[in-house]
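Participant:
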Amino acid sequence: MNVRSVLMVVMACAAVSGMAAKKPNVVVFYTDDQKMDSFGFIRGKAHTPNIDRLAETGAYFSNAYASSSVCSPSRYSALTGQYASRCNSDEFHRSTSAEGVTKVLWNMSIGDDQWTFPKVMQQAGYKTGMVGKWHVGHSNKHGKRKQVPNNNPSDPETIAVLKHNQQVVCAGIRDKGFDYAGGVYAGNPNDDKQLIKTGCNVHAVEWQTKHALEFIEQNKDEPFVLYYASTLMHSPHPHESLRADPRLSPEGMLPEPITGIMPPREDVIKRAEAAGVTDPKLQAATWLDDVVGTVWNKLEELDLAENTMIIYFNDNGTDDSGKGSCYQGGAHVPMIVNFPGVVKPGTYTQLASNIDIAPTVFEVGGVTPPDDMILDGMSVLPVAKGEKTAWRDALYLEIGLTRAVVSGDYKYMAFRIPESYLEKPLEERLAEHKETLAKINQQHPWTVGNKMWQIDPEAKYLQMGMAPGGDFMEKLQVSGWPPAPFVKNYYDPDQLYDLKRDPRETTNLAANPEYQAKLEQMKKKLRKMLADVPGTFADLKPEE
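Heads up: the sequence shown is residues -20 to -1, 1 to 524, going by mature numbering (1 follows the signal peptide of the UniProt record, and there is no 0).
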């Protein structure tokens, strides 16, 4: 064998060795307000073949929870691996009560100097990308977003402004540890006044997915992490966007529809109808399913699927008006982990959470997080591999003025109103309540005259603690259509539920003499968890 032949053999062996040593890729799908009905494999009401296959060939965690059940804190926890009450932004601290009770709501912001799983992976040599909804704070470091000159999404000046705004938001996101940011929304489509004014407050699904495919294509030869936070199934109504002009996007009216990467929108509706799905709201679940299928197909096309871990998580539920609460309808969500040849397919009942996403990503990439990065979560890989491993026996939930712990078949919820809230005279609380209600009626005219939205003479604080008498989101919790099953127990300071016998939490067992031992046991678990997070919480954590 001559020298040239030897060199060719050596180079071939090196190439094979390099391919074998390539670190796994990661794709995290983080969806929005996805009801249980919109998962075909769970309730059989929607047509979601790709998501179903993801669950069937992966590890489905049937007891997964969003640690905080609204958009921003849920995303904060997913990106940082921490409970949202650890947030250190000024806005978050301003909402803390005089007693030190933290109030987890939409007041989340991730600082440029804060560790996130993409930032850690980036520093470990991974390429990192973000597509979709951000909703975890924004700064003016890279310039301010501008006001559109008119409401015409086809006007060149308007398009220039919208593109400028997109660039500013993307630049801010890249500071959080992303090499690539594209096809993004700063928050919800309906939160952006510039998008509303121009009619661009739509789910531009093909536009988002095109950016996801672009990121994968650009980094196919290097290990990468893609965080795809779809805007579906949040408002504006996805089924209306499905039927809207496909050229609309947060960058204005595109020159032409984006075609060839996803099934046509008309085909989405036809396939859903052919599968027996007639509810337009559930037909949009098939659109979301196409996002998963399109990204998955790209991985397979590039021979990356076998070396890619996919995590699927919903930021919070909306069943039974539970969003924004610790009730099952808002906090209990599906989690899927799929990694061919590594994860053992099956249904796992161990408690899992969005705080587990970051540690799981670190483990699959063989990355050790920085010493100063606080992680409240655990990697679910040992469980998903079917290994015998020590695992948590309880999980902590937090939102507004409520805290909860789930353990075994039971959940204990504590609702405590800070004394400083009640020091304000009733007259002042009522005045604030009337002002809040007037704003609600102005923003949502359909509420006017509805008995659900009348003045509360006691101006009671609700579980999120947003305003005396309740703000819009809170009022939806207690006056859902039909009324939520937990309404009769809503104001109880202590709530205990047997989730196995009573999954919709209709019967509060806290005052039942037969359950006092269980109540005390669950309170003890919650006290232990509260001791490990910032903030006080009435009798369960009277001081730091």
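From the three backbone atoms N, C-alpha and C, an ideal C-beta is built for every residue, glycine too.
Values in this document were obtained by computation on a predicted structure and should not be read as measured data.
Since D17 sits in a beta bridge, which residues does DSSP pair it with?
Facilitator: What you label residue 17 is simply residue 37 of the sequence shown in a count that begins at 1. DSSP output for D17 lists no bridge partner at all.
Participant: Suppose you measure from the CA of L375 to the CA of D12; what does that come to, to the nearest Å?
Facilitator: Position 395 of the sequence shown, counted from the start, is the residue given in the question as residue 375. Position 32 of the sequence shown, counted from the start, is the residue given in the question as residue 12. Whole-angstrom Cα-Cα distance: 22 Å.
Participant: Taking the alpha-carbon of G309 as reference, which of P463, P260, D225 has the nearest alpha-carbon?
Facilitator: Along the sequence shown, one-based indexing puts residue 309 at 329. When each option's Cα is compared against that of G309, the closest is P463.
Participant: Among all the DSSP beta bridges, which residues are the ones paired with R383?
Facilitator: Position 403 of the sequence shown holds residue 383. DSSP, once it has assigned bridges, lists E378, A394 as partnering R383.
Participant: Rounded to the nearest angstrom, what separates I139 and K455 at their Cα positions?
Facilitator: Locating residue 139 in the sequence shown gives position 159, counting from the first residue. Locating residue 455 in the sequence shown gives position 475, counting from the first residue. About 38 Å.
Participant: Could you check the C-alpha separation between T37 and G326 for me, to the nearest Å?
Facilitator: Position 57 of the sequence shown, counting from 1, holds the residue named residue 37. Position 346 of the sequence shown, counting from 1, holds the residue named residue 326. Approximately 8 Å, taken between the alpha carbons.
Participant: From the DSSP output, which residues share a beta bridge with I290?
Facilitator: Sequence index remark: in the sequence shown, residue 290 carries index 310 (1-based). Paired residues: V7, N318.
Participant: Exposed or buried, which one is M432 when buried takes at least 16 other CB atoms within 10 Å?
Facilitator: Taking the first residue of the sequence shown as position 1, residue 432 is located at position 452. Exposed.
Participant: Would you say A285 and Y328 are within 8 Å of each other, going by their C-beta atoms?
Facilitator: What you label residue 285 is simply residue 305 of the sequence shown in a count that begins at 1. What you label residue 328 is simply residue 348 of the sequence shown in a count that begins at 1. No, the Cβ-Cβ distance between A285 and Y328 is not below 8 Å.
Participant: Under the DSSP definition of a beta bridge, which residues are partnered with T327?
Facilitator: In the sequence shown, residue 327 corresponds to position 347, counting from 1. DSSP, once it has assigned bridges, lists Y40 as partnering T327.
Participant: Would you mind sorting E253 into buried or exposed? The rule is 16 or more other CB atoms within 10 Å of its CB.
Facilitator: On the sequence shown, residue 253 is found 273 positions in, with the first residue counted as 1. The residue is exposed, with fewer than 16 neighbouring Cβ atoms inside 10 Å.
Participant: Can you look up Y206 in the DSSP assignment and give me helix, strand or coil?
Facilitator: For the purposes of this step, residue 206 is taken as residue 226 along the sequence shown, with counting starting at 1. Tyr is not the amino acid found at residue 206; the sequence shown has Leu there. Of the three classes helix, strand and coil, the one that applies to L206 here is strand, per DSSP.
Participant: Would S49 pass as a contact of G304 if the rule is Cβ separation under 8 Å?
Facilitator: Reading the sequence shown from its first residue, position 69 is the one you call residue 49. Reading the sequence shown from its first residue, position 324 is the one you call residue 304. In this structure, G304 lies closer than 8 Å to S49 by Cβ.
Participant: Can you give the Cα-Cα distance for V257 and E220, rounded to whole angstroms?
Facilitator: Translated into positions along the sequence shown, residue 257 becomes position 277. Translated into positions along the sequence shown, residue 220 becomes position 240. Rounded to the nearest angstrom, the two C-alpha atoms are 16 Å apart.
Participant: Which runs of the alpha helix (DSSP H) fall wholly inside the region 220 to 258 and span at least 4 residues, in chain order?
Facilitator: Whole alpha helix (DSSP H) segments, 4+ residues: 245 to 254.
Participant: In chain order, which continuous runs of the beta strand (DSSP E) of length 3 or greater are located wholly inside the region 435 to 489?
Facilitator: Runs found: 474 to 478.
Participant: Going by the beta-carbon positions, is the gap between L212 and P203 smaller than 8 Å?
Facilitator: Here residue 212 refers to the residue found at position 232 when the sequence shown is read from its first residue. Here residue 203 refers to the residue found at position 223 when the sequence shown is read from its first residue. No; because the gap between Cβ atoms is not below 8 Å, this pair is not in contact.
Participant: Of all the options P405, S65, L142, S459, which has the alpha carbon lying nearest to the alpha carbon of L510?
Facilitator: Taking the sequence shown and counting its residues from 1, one reaches residue 510 at position 530. Per the Cα distances, S65.
Participant: Report the rounded CA-to-CA distance for R125 versus P425, giving the unit in angstroms.
Facilitator: Translated into positions along the sequence shown, residue 125 becomes position 145. Translated into positions along the sequence shown, residue 425 becomes position 445. Looking at the two C-alpha atoms, the distance is approximately 29 Å.
Participant: Can you tell which of T274, D283, E194, E186 has its C-alpha closest to the C-alpha of L236?
Facilitator: Counting from one through the sequence shown, the residue named residue 236 turns up at place 256. A small fix is needed here, since residue 236 is Glu in this sequence, not Leu. Measuring from the Cα of E236, the nearest candidate turns out to be E186.
Participant: Determine the extent of the alpha helix (DSSP H) in which T108 is found, giving its start and end residues.
Facilitator: Position 128 of the sequence shown, counted from the first residue, corresponds to residue 108. Counting along the chain, T108 falls outside any alpha helix (DSSP H), though it belongs to the beta strand (DSSP E) covering 107 to 113.
Participant: Buried or exposed: L59, going by 16 or more other Cβ atoms within 10 Å of its Cβ?
Facilitator: One-based indexing of the sequence shown puts residue 59 at position 79. Buried, since its Cβ has 16 or more Cβ neighbours within 10 Å.
Participant: Around the Cβ of H73, are there at least 16 other Cβ atoms within 10 angstroms (buried) or fewer (exposed)?
Facilitator: Sequence index remark: in the sequence shown, residue 73 carries index 93 (1-based). The residue is exposed, with fewer than 16 neighbouring Cβ atoms inside 10 Å.
Participant: Look at the alpha carbon of L85 and the alpha carbon of Y495, and state the distance between them as a whole number of angstroms.
Facilitator: Within the sequence shown, numbered from 1, the residue matching residue 85 stands at position 105. Within the sequence shown, numbered from 1, the residue matching residue 495 stands at position 515. So the alpha carbons of these two residues sit roughly 32 Å apart.
Participant: Is DSSP giving D519 helix, strand or coil here?
Facilitator: Walking along the sequence shown from the start, residue 519 turns up at place 539. DSSP places D519 in strand when its eight states are reduced to three.
Participant: Three-state secondary structure (DSSP) at A511?
Facilitator: Position 531 of the sequence shown, counted from the first residue, corresponds to residue 511. Of the three classes helix, strand and coil, the one that applies to A511 here is coil, per DSSP.
Participant: Alpha carbon to alpha carbon, how far is K83 from S75? Give it in angstroms, no decimals.
Facilitator: Sequence index remark: in the sequence shown, residue 75 carries index 95 (1-based). Sequence index remark: in the sequence shown, residue 83 carries index 103 (1-based). Their Cα atoms are separated by approximately 6 Å.
Participant: Exposed or buried, I291, counting other C-beta atoms within 10 Å across all chains shown (16 or more means buried)?
Facilitator: Here residue 291 corresponds to residue number 311 of the sequence shown, with the count starting at 1. Classification for I291: buried.
Participant: Go through its chain and collect everything with a Cβ distance to Y208's Cβ below 6 Å, but skip five positions before and after it.
Facilitator: As a position in the sequence shown, residue 208 is number 228, starting the count at 1. These residues qualify, in order along the chain: F9, V111, G112, A192.
Participant: Compute the Euclidean distance between the alpha carbons of Y40 and S18, then round it to the nearest angstrom.
Facilitator: The residue given as residue 40 occupies position 60 in the sequence shown. The residue given as residue 18 occupies position 38 in the sequence shown. Taking the straight line joining both Cα atoms gives about 16 Å.
Participant: Starting from G309 and walking both ways along the alpha helix (DSSP H), at which residues does that stretch end?
Facilitator: One-based indexing of the sequence shown puts residue 309 at position 329. That run of the alpha helix (DSSP H) goes 308 to 311.
Participant: Buried or exposed, going by whether 16 or more other CB atoms sit within 10 Å of the CB of Q443?
Facilitator: Mapped onto the sequence shown, residue 443 falls at position 463. Buried, since its Cβ has 16 or more Cβ neighbours within 10 Å.
Participant: How many Å lie between P437 and E485 at the Cα?
Facilitator: Translated into positions along the sequence shown, residue 437 becomes position 457. Translated into positions along the sequence shown, residue 485 becomes position 505. So the alpha carbons of these two residues sit roughly 27 Å apart.
Participant: Cutting at 7 Å between CB atoms, please list the residues of its own chain near A264, excluding the five before and the five after it.
Facilitator: Taking the first residue of the sequence shown as position 1, residue 264 is located at position 284. Correct list, in chain order: L212, M213, P218, H219, L222.
Participant: From this set, P320, G297, K324, V386, which residue's C-alpha is nearest P314's C-alpha?
Facilitator: Residue numbering aside, residue 314 sits at position 334 when the sequence shown is read from its first letter. Checking every option, the nearest Cα to that of P314 belongs to G297.
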